[in-house]
Amino acid sequence: MGPRTSTSPSRDITGLRRFLDIGQQHDWAEGKTDLHDAAERADSLEQRFKYAGRLQKLLLRPQAQDVLEILRLYSQNCIPMPRKTERHYWSVSCLPSTSDKPLVRVNASWMELFTLYADGDGIRSRFIVHLSDFTTDHSLVQEHVDGAFLDRCVAAPEDVGCFFPRGADIFGIRVRGSASIRQFLTSARVLRAIRRFNLTHMNRGRNAYQASHCYSVADYMLED
1 MGPRTSTSPS RDITGLRRFL DIGQQHDWAE GKTDLHDAAE RADSLEQRFK YAGRLQKLLL
61 RPQAQDVLEI LRLYSQNCIP MPRKTERHYW SVSCLPSTSD KPLVRVNASW MELFTLYADG
121 DGIRSRFIVH LSDFTTDHSL VQEHVDGAFL DRCVAAPEDV GCFFPRGADI FGIRVRGSAS
181 IRQFLTSARV LRAIRRFNLT HMNRGRNAYQ ASHCYSVADY MLED
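Position 134 of the sequence shown, counting from 1, maps to 134 under this note's numbering, and the rest follow consecutively.
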(Lines of atoms letter the chains of each structure in order from A and count residues from 1; the text may use other names and numbers.)
(Lines give C-alpha, C1' and ligand atoms only; values in the text may rest on other atoms or scores of the structure.)
Protein backbone atom coordinates (compact mmCIF):
# COMPACT_ATOMS: atom_id res chain seq x y z
CA MET A 1 0.00 0.00 0.00
CA GLY A 2 1.40 3.41 -0.96
CA PRO A 3 1.73 6.40 1.37
CA ARG A 4 -1.19 8.68 2.06
CA THR A 5 -1.58 11.73 -0.11
CA SER A 6 -3.75 14.74 0.53
CA THR A 7 -7.04 14.78 -1.38
CA SER A 8 -7.90 18.41 -0.58
CA PRO A 9 -4.67 20.41 -0.26
CA SER A 10 -4.85 23.85 1.29
CA ARG A 11 -4.31 26.80 -1.03
CA ASP A 12 -1.94 28.24 1.57
CA ILE A 13 0.45 25.29 1.36
CA THR A 14 3.14 25.54 -1.31
CA GLY A 15 5.30 22.99 -3.05
CA LEU A 16 5.15 19.26 -2.51
CA ARG A 17 3.57 19.74 0.90
CA ARG A 18 0.32 19.98 -1.06
CA PHE A 19 0.71 16.26 -1.77
CA LEU A 20 3.17 14.84 0.76
CA ASP A 21 3.71 15.69 4.40
CA ILE A 22 7.22 16.16 5.76
CA GLY A 23 7.35 12.62 7.12
CA GLN A 24 6.49 11.12 3.74
CA GLN A 25 9.09 13.29 2.05
CA HIS A 26 11.74 12.27 4.58
CA ASP A 27 10.95 8.57 4.16
CA TRP A 28 11.22 8.87 0.38
CA ALA A 29 14.52 10.74 0.60
CA GLU A 30 15.88 8.00 2.87
CA GLY A 31 14.69 5.26 0.52
CA LYS A 32 12.23 3.90 3.10
CA THR A 33 9.12 4.17 0.94
CA ASP A 34 7.95 4.27 -2.67
CA LEU A 35 5.56 7.05 -3.58
CA HIS A 36 2.31 6.43 -5.42
CA ASP A 37 2.51 8.47 -8.62
CA ALA A 38 -0.31 9.64 -10.89
CA ALA A 39 -1.50 7.16 -13.51
CA GLU A 40 -1.94 9.86 -16.15
CA ARG A 41 0.14 12.90 -17.04
CA ALA A 42 -1.18 16.38 -17.63
CA ASP A 43 -0.26 17.58 -21.12
CA SER A 44 -0.30 20.70 -23.24
CA LEU A 45 -0.38 20.22 -27.00
CA GLU A 46 0.80 23.77 -27.58
CA GLN A 47 3.77 23.27 -25.26
CA ARG A 48 4.50 19.82 -26.72
CA PHE A 49 4.63 21.07 -30.32
CA LYS A 50 6.67 24.13 -29.37
CA TYR A 51 9.71 22.03 -28.40
CA ALA A 52 9.16 18.78 -30.33
CA GLY A 53 11.72 19.81 -32.94
CA ARG A 54 14.44 20.07 -30.30
CA LEU A 55 14.08 16.40 -29.46
CA GLN A 56 14.58 15.56 -33.14
CA LYS A 57 17.79 17.61 -33.12
CA LEU A 58 18.94 15.84 -29.95
CA LEU A 59 18.27 12.44 -31.50
CA LEU A 60 20.77 13.27 -34.25
CA ARG A 61 23.53 13.66 -31.66
CA PRO A 62 25.84 10.70 -30.92
CA GLN A 63 25.07 11.13 -27.21
CA ALA A 64 21.28 10.87 -27.58
CA GLN A 65 20.79 7.31 -26.33
CA ASP A 66 22.95 7.82 -23.25
CA VAL A 67 21.25 11.14 -22.50
CA LEU A 68 17.74 9.67 -22.61
CA GLU A 69 18.68 6.57 -20.60
CA ILE A 70 20.37 8.61 -17.87
CA LEU A 71 17.49 11.09 -17.75
CA ARG A 72 15.11 8.19 -17.24
CA LEU A 73 17.29 6.82 -14.44
CA TYR A 74 17.38 10.27 -12.84
CA SER A 75 13.61 10.78 -13.04
CA GLN A 76 12.86 7.33 -11.62
CA ASN A 77 15.18 7.71 -8.65
CA CYS A 78 15.59 11.43 -7.94
CA ILE A 79 12.23 13.15 -8.57
CA PRO A 80 9.27 12.50 -6.25
CA MET A 81 6.10 11.47 -8.11
CA PRO A 82 7.52 12.67 -11.45
CA ARG A 83 4.24 12.24 -13.35
CA LYS A 84 2.15 14.16 -10.83
CA THR A 85 4.73 16.93 -10.46
CA GLU A 86 5.78 17.21 -14.12
CA ARG A 87 6.25 20.72 -15.48
CA HIS A 88 4.64 22.51 -12.53
CA TYR A 89 7.23 21.40 -9.96
CA TRP A 90 10.09 20.24 -12.20
CA SER A 91 10.86 20.51 -15.90
CA VAL A 92 13.36 19.34 -18.48
CA SER A 93 14.71 21.65 -21.18
CA CYS A 94 16.13 20.25 -24.41
CA LEU A 95 19.03 22.08 -26.07
CA PRO A 96 18.29 25.27 -24.12
CA SER A 97 19.84 28.41 -25.57
CA THR A 98 22.14 29.21 -22.65
CA SER A 99 25.82 30.10 -22.92
CA ASP A 100 27.05 26.77 -21.54
CA LYS A 101 25.25 24.88 -24.37
CA PRO A 102 23.76 21.93 -22.47
CA LEU A 103 22.05 18.99 -24.13
CA VAL A 104 19.36 18.83 -21.43
CA ARG A 105 18.73 20.47 -18.08
CA VAL A 106 16.36 19.59 -15.24
CA ASN A 107 15.10 22.48 -13.10
CA ALA A 108 12.83 23.11 -10.12
CA SER A 109 11.65 26.44 -8.76
CA TRP A 110 14.49 28.83 -9.81
CA MET A 111 17.21 26.20 -9.42
CA GLU A 112 19.16 23.98 -11.80
CA LEU A 113 19.11 20.41 -10.49
CA PHE A 114 20.88 18.32 -13.12
CA THR A 115 22.48 19.04 -16.50
CA LEU A 116 24.00 16.90 -19.23
CA TYR A 117 26.53 18.22 -21.74
CA ALA A 118 28.29 16.87 -24.80
CA ASP A 119 31.89 15.79 -24.14
CA GLY A 120 33.22 14.90 -27.57
CA ASP A 121 30.98 12.01 -28.60
CA GLY A 122 30.35 11.25 -24.93
CA ILE A 123 28.67 13.13 -22.10
CA ARG A 124 29.43 14.88 -18.85
CA SER A 125 27.05 15.92 -16.11
CA ARG A 126 26.55 18.55 -13.46
CA PHE A 127 24.66 17.89 -10.24
CA ILE A 128 23.68 20.63 -7.78
CA VAL A 129 23.26 19.42 -4.19
CA HIS A 130 23.60 20.54 -0.57
CA LEU A 131 27.22 20.98 0.49
CA SER A 132 26.44 19.62 3.96
CA ASP A 133 25.56 16.22 2.46
CA PHE A 134 29.09 15.86 1.05
CA THR A 135 31.31 17.09 3.87
CA THR A 136 32.90 14.69 6.32
CA ASP A 137 31.21 16.39 9.28
CA HIS A 138 28.00 17.66 7.58
CA SER A 139 29.30 21.21 7.95
CA LEU A 140 29.27 24.05 5.41
CA VAL A 141 33.07 24.17 5.30
CA GLN A 142 34.24 23.73 1.71
CA GLU A 143 37.57 22.29 2.80
CA HIS A 144 35.72 19.41 4.50
CA VAL A 145 34.31 17.95 1.26
CA ASP A 146 34.63 14.17 1.39
CA GLY A 147 36.75 13.77 -1.73
CA ALA A 148 37.56 10.14 -0.97
CA PHE A 149 33.86 9.30 -0.99
CA LEU A 150 33.30 11.08 -4.30
CA ASP A 151 36.21 9.17 -5.85
CA ARG A 152 34.62 5.87 -4.81
CA CYS A 153 31.31 6.79 -6.45
CA VAL A 154 32.64 6.81 -10.01
CA ALA A 155 34.45 4.44 -12.34
CA ALA A 156 37.71 6.41 -12.12
CA PRO A 157 38.68 9.28 -9.76
CA GLU A 158 39.50 11.57 -12.68
CA ASP A 159 35.84 11.37 -13.73
CA VAL A 160 34.62 13.46 -10.78
CA GLY A 161 35.22 17.06 -9.81
CA CYS A 162 33.50 19.71 -7.72
CA PHE A 163 32.80 23.43 -7.67
CA PHE A 164 31.07 25.86 -5.34
CA PRO A 165 28.17 27.89 -6.74
CA ARG A 166 27.02 30.95 -4.81
CA GLY A 167 25.15 30.01 -1.64
CA ALA A 168 26.03 28.76 1.84
CA ASP A 169 24.79 25.20 1.40
CA ILE A 170 25.18 24.76 -2.36
CA PHE A 171 27.63 22.31 -3.89
CA GLY A 172 28.26 21.37 -7.52
CA ILE A 173 29.54 17.99 -8.67
CA ARG A 174 30.77 17.25 -12.19
CA VAL A 175 30.84 13.65 -13.38
CA ARG A 176 32.28 12.68 -16.74
CA GLY A 177 31.31 9.68 -18.86
CA SER A 178 28.10 7.65 -18.99
CA ALA A 179 29.58 4.76 -16.98
CA SER A 180 30.61 7.02 -14.11
CA ILE A 181 27.33 8.96 -14.17
CA ARG A 182 25.38 5.71 -13.91
CA GLN A 183 27.61 4.46 -11.10
CA PHE A 184 27.27 7.78 -9.28
CA LEU A 185 23.49 7.40 -9.38
CA THR A 186 23.64 3.96 -7.73
CA SER A 187 25.19 5.21 -4.46
CA ALA A 188 22.62 5.27 -1.65
CA ARG A 189 24.29 8.31 -0.07
CA VAL A 190 24.36 10.18 -3.37
CA LEU A 191 20.71 9.40 -4.07
CA ARG A 192 19.72 10.56 -0.60
CA ALA A 193 21.59 13.83 -1.13
CA ILE A 194 20.10 14.45 -4.57
CA ARG A 195 16.62 13.72 -3.27
CA ARG A 196 17.06 16.07 -0.31
CA PHE A 197 18.19 18.92 -2.55
CA ASN A 198 15.41 18.33 -5.07
CA LEU A 199 12.81 18.31 -2.30
CA THR A 200 14.18 21.60 -0.95
CA HIS A 201 13.57 23.36 -4.24
CA MET A 202 10.38 21.60 -5.29
CA ASN A 203 8.92 22.71 -1.96
CA ARG A 204 9.58 26.36 -2.79
CA GLY A 205 6.55 26.49 -5.07
CA ARG A 206 5.76 26.30 -8.73
CA ASN A 207 8.58 25.78 -11.20
CA ALA A 208 9.79 28.99 -12.85
CA TYR A 209 10.88 27.09 -15.99
CA GLN A 210 7.50 25.66 -16.98
CA ALA A 211 7.54 27.49 -20.30
CA SER A 212 10.64 25.61 -21.49
CA HIS A 213 9.47 22.12 -20.51
CA CYS A 214 9.97 19.63 -23.33
CA TYR A 215 7.23 17.01 -23.16
CA SER A 216 8.88 14.96 -25.90
CA VAL A 217 11.98 14.42 -23.76
CA ALA A 218 9.84 13.85 -20.68
CA ASP A 219 8.09 11.04 -22.57
CA TYR A 220 11.34 9.09 -22.47
CA MET A 221 11.88 9.93 -18.82
CA LEU A 222 8.42 8.83 -17.72
CA GLU A 223 7.62 5.91 -19.98
CA ASP A 224 6.54 2.69 -18.27
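Every residue, glycine too, gets a C-beta built ideally from N, C-alpha and C.
All of these numbers come straight from a predicted model, not from anything done at the bench.
* Assess, as a yes-or-no matter, whether the stretch 170–181 is touched by the stretch 83–91 under the definition of 3 or more beta carbon pairs within less than 8 Å. => no
* Terminal residues of the continuous alpha helix (DSSP H) containing L68? -> A64 to C78
* Alpha-carbon spacing of T33 relative to Q25, whole angstroms -> 9 Å
* To do: Using three-state DSSP, classify Y215 as helix, strand or coil.
  => helix
* Asked: Cα separation between L113 and V104?
  -> 11 Å
* Of the residues D27, K84 and S212, which one's Cα is nearest the Cα of F49? -> S212
* Asked: Quick one: Cα of L16 to Cα of P80, how far?
  -> So the alpha carbons of these two residues sit roughly 9 Å apart.
* **Expected contact under 8 Å - CB spacing of G205 and T85 to nearest Å** => Actually they do not touch by this definition, with Cβ atoms about 12 Å apart.
* **Identity of the residues DSSP links to N107 by a beta bridge** => S91 and E112
* Asked: Between the beta-carbon of P62 and the beta-carbon of D100, is there less than 9 Å?
  -> no
* To do: Counting only the same chain and skipping the five closest in sequence on each side, list residues whose C-beta sits under 8 Å from that of F197.
  => Excluding sequence neighbours, F197 sits near L113, I128, V129, H130 and D133.
* Those residues which DSSP pairs with E158 across a bridge -> According to DSSP, E158 bridges with nothing at all.
* To do: Verify whether the separation of the beta carbon atoms of L140 and A168 is less than 9 Å.
  => yes
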